[in-house]
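Before any comments, here is the structure.
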Amino acid sequence: MTAPLRLGTRGSALAMAQSGQVAEAVTAATGRPVELVEVVTAGDRSNAPVHRLGVGVFVSALRDALTAGTIDFAVHSYKDLPTAAAGGLHIAAVPARQDPRDALVARDGRTLAELPPGATVGTGALRRIAQLHALGLQLEVTPIRGNVDTRLGRVLGPEADLDAVVLARAGLARLGRLDVITESLDPMLMLPAPAQGALAVECRVDDQDLVELLAVLDHAPSRAAVTAERAFLATLEAGCSAPVAAYAELAEGETGDEIYLRGAVISPDGTRDLRLSRTGTPADAAEIGKALAAELLELGADSILGHEGHTGPGTQQFGSTE
Numbered sequence: 001m002t003a004p005l006r007l008g009t010r011g012s013a014l015a016m017a018q019s020g021q022v023a024e025a026v027t028a029a030t031g032r033p034v035e036l037v038e039v040v041t042a043g044d045r046s047n048a049p050v051h052r053l054g055v056g057v058f059v060s061a062l063r064d065a066l067t068a069g070t071i072d073f074a075v076h077s078y079k080d081l082p083t084a085a086a087g088g089l090h091i092a093a094v095p096a097r098q099d100p101r102d103a104l105v106a107r108d109g110r111t112l113a114e115l116p117p118g119a120t121v122g123t124g125a126l127r128r129i130a131q132l133h134a135l136g137l138q139l140e141v142t143p144i145r146g147n148v149d150t151r152l153g154r155v156l157g158p159e160a161d162l163d164a165v166v167l168a169r170a171g172l173a174r175l176g177r178l179d180v181i182t183e184s185l186d187p188m189l190m191l192p193a194p195a196q197g198a199l200a201v202e203c204r205v206d207d208q209d210l211v212e213l214l215a216v217l218d219h220a221p222s223r224a225a226v227t228a229e230r231a232f233l234a235t236l237e238a239g240c241s242a243p244v245a246a247y248a249e250l251a252e253g254e255t256g257d258e259i260y261l262r263g264a265v266i267s268p269d270g271t272r273d274l275r276l277s278r279t280g281t282p283a284d285a286a287e288i289g290k291a292l293a294a295e296l297l298e299l300g301a302d303s304i305l306g307h308e309g310h311t312g313p314g315t316q317q318f319g320s321t322e
């Protein structure tokens with residue numbers, strides 16, 4: 001019998017769910033059995049706010065295990081990955097992306113517009129905090145951490161202390177919890193994090209058999225969209241504390257498929273909000289992202305990013321999909 005492939009994953013319910021779904025897809029497509037191997041990361045061991053933990057806190061242990069050969073491949077929430085390439089490793093597949101929108105879970109089934117002034121809203125992402133402030137709804141926005149169930153309990157549990165929380169819709173979908181969403185937030189109101197809703201299936205670059213095997217899971221439109229968003233992020237060289245958002249959509253144009261990329265840089269208090277968009281072909285995804293970032297930098301995005309602490313390329317960390 002063929003030995004099972006060892007898939008490294010974080011141990012949270014969400015990480016196990018999305019890794020399990022990838023494992024099933026690999027087996028269905030190739031016939032190869034897959035076993036999950038839990039890897040504890042630095043982010044899992046800390047209760048500090050995500051943006052203060054440093055780069056790669058949810059991925060470095062998985063990458064170390066890959067490099068050491070104790071696992072064969074790993075599944076990451078793509079938005080957790082630093083933009084700098086990891087030596088010796090390869091993103092073999094970007095499966096079809098889940099809906100990348102943010103989702104509101106509020107008491108009494110309320111939407112964002114129905115929350116009264118002074119309502120308390122919890123979220124773990126500075127990007128979301130900044131955009132909630134920018135909406136001018138006079139909400140009390142509170143940084144929170146914890147897995148999906150912990151966050152939902154802050155609104156829906158017997159000891160609820162918040163009026164609402166904002167989470168990634170993709171995480172709720174993978175956990176089968178879409179029923180708790182009271183509003184899926186329009187990207188015009190809440191632009192997602194770069195690569196939100198996407199997974200990265202990573203293996204060693206020298207394991208050519210596995211590179212080819214995992215490639216069957218790759219979804220070209222999702223990879224192109226994520227490539228544009230992450231090129232935008234990398235060109236901005238945003239630090240951990242700089243709320244940066246980007247969302248690329250693929251649509252049919254007059255001469256073939258086109259990418260429509262929207263990007264934003266927002267100050268944490270929401271008083272400065274720079275947004276632009278750009279279009280191009282999927283083949284030029286990375287160049288579209290770089291060009292959009294350059295336009296925003298010309299408009300003064302660097303002053304927002306610099307104020308928050310410029311930390312150089314490849315040092316982004318936007319928090320777990322949870």
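In UniProt numbering, the protein residues as written are 1 to 322.
Backbone N, C-alpha and C define an ideal beta-carbon position, used for all residues, glycine too.
Residues of its chain near residue i, where Cβ-Cβ distance is below 6 Å and the 5 sequence neighbours each way are ignored
i, result
"A283", "none"
"A17", "R174 and L175"
"R97", "G197, A198 and S222"
"E229", "P194, A195, A246 and A248"
"D206", "none"
Sheet register partners of residue i (DSSP bridge)
i, result
"Y78", "In the DSSP output, where bridge partners are listed per residue, Y78 has none listed."
"V265", "V244 and L274"
"S184", "A103"
"residue 326", "The shown model of the chain, from 1 to 322, leaves out residue 326, and the question about it has no answer."
"residue 405", "Summary: the structure shown does not reach residue 405, with the chain confined to residues 1 through 322, and so no result is reported for it."
"A164", "A106 and V121"
Enclosing alpha helix (DSSP H) for residue i [first to last residue]
i, result
"L250", "No alpha helix (DSSP H) holds L250; the beta strand (DSSP E) holding it covers V244 to G253."
"A173", "R169 to R174"
"H219", "Here H219 belongs to no alpha helix (DSSP H), and DSSP marks it neither H nor E."
"A193", "Per DSSP, A193 belongs to no alpha helix (DSSP H) and is neither H nor E."
"L156", "V148 to L156"
"V22", "A13 to T30"
"T67", "S60 to A68"
"L126", "L126 to A134"
"G306", "A301 to E308"
"T288", "For the record, residue 288 in the displayed sequence is Ile; it is not Thr. Taken as a continuous stretch (DSSP letters only), the alpha helix (DSSP H) holding I288 covers A285 to E298."
"D179", "Neither: D179 is in no alpha helix (DSSP H) and is coded neither H nor E."
"Q208", "Q208 to L214"
Rounded C-alpha distance that separates residue i from residue j
i, j, result
"A198", "R272", "28 Å"
"A285", "P4", "35 Å"
"S303", "E35", "47 Å"
"G157", "R107", "10 Å"
"A264", "L104", "20 Å"
"I144", "G124", "5 Å"
"R278", "H133", "25 Å"
"G88", "G109", "48 Å"
"V155", "D149", "10 Å"
"A220", "L172", "24 Å"
"L297", "G306", "11 Å"
"L299", "L276", "10 Å"
"P49", "F58", "Note on P49: pLDDT 47, under 50, position unreliable in the model; no value is reported."
"L115", "L185", "14 Å"
"A13", "A168", "15 Å"
"A15", "V22", "11 Å"
"A84", "S77", "16 Å"
"G153", "Q208", "44 Å"
"T227", "G289", "8 Å"
Spatial neighbours of residue i in its chain, beta-carbon cut-off 7 Å, leaving aside the 5 residues before and after
i, result
"A93", "V201, L214, A215, L217 and D218"
"R223", "V94"
"S19", "L7, T9, L36 and V75"
Other residues of its chain near residue i: CB distance less than 8 Å, five sequence neighbours each side excluded
i, result
"G256", "T281"
"T111", "L104, T182 and E183"
"I71", "R6, L7, G8, V37, V39, L62 and A65"
"I129", "T123, V141, P143, P243 and P268"
"R32", "T2, P4, L5, V26 and L213"
"L189", "L112, Q131 and L135"
"L210", "L5, D72, F73, A92, C203 and R204"
Residue i - containing beta strand (DSSP E), residue span
i, result
"G122", "T120 to T123"
"A103", "D102 to A106"
"D2", "It is worth fixing the name first, because residue 2 is Thr in this sequence and not Asp. Per DSSP, T2 belongs to no beta strand (DSSP E) and is neither H nor E."
"V37", "V34 to E38"
"E140", "E140 to P143"
Evaluate the contact criterion for the segment 117-131 versus the segment 158-167: three or more CB pairs, one atom per stretch, below 8 Å. The segment 117-131 is in contact with the segment 158-167.
Hey, is the segment 137-155 in contact with the segment 56-69, meaning 3+ C-beta pairs nearer than 8 Å? Proximity of the segment 137-155 to the segment 56-69 falls short of the contact definition, fewer than three beta-carbon pairs being nearer than 8 Å.
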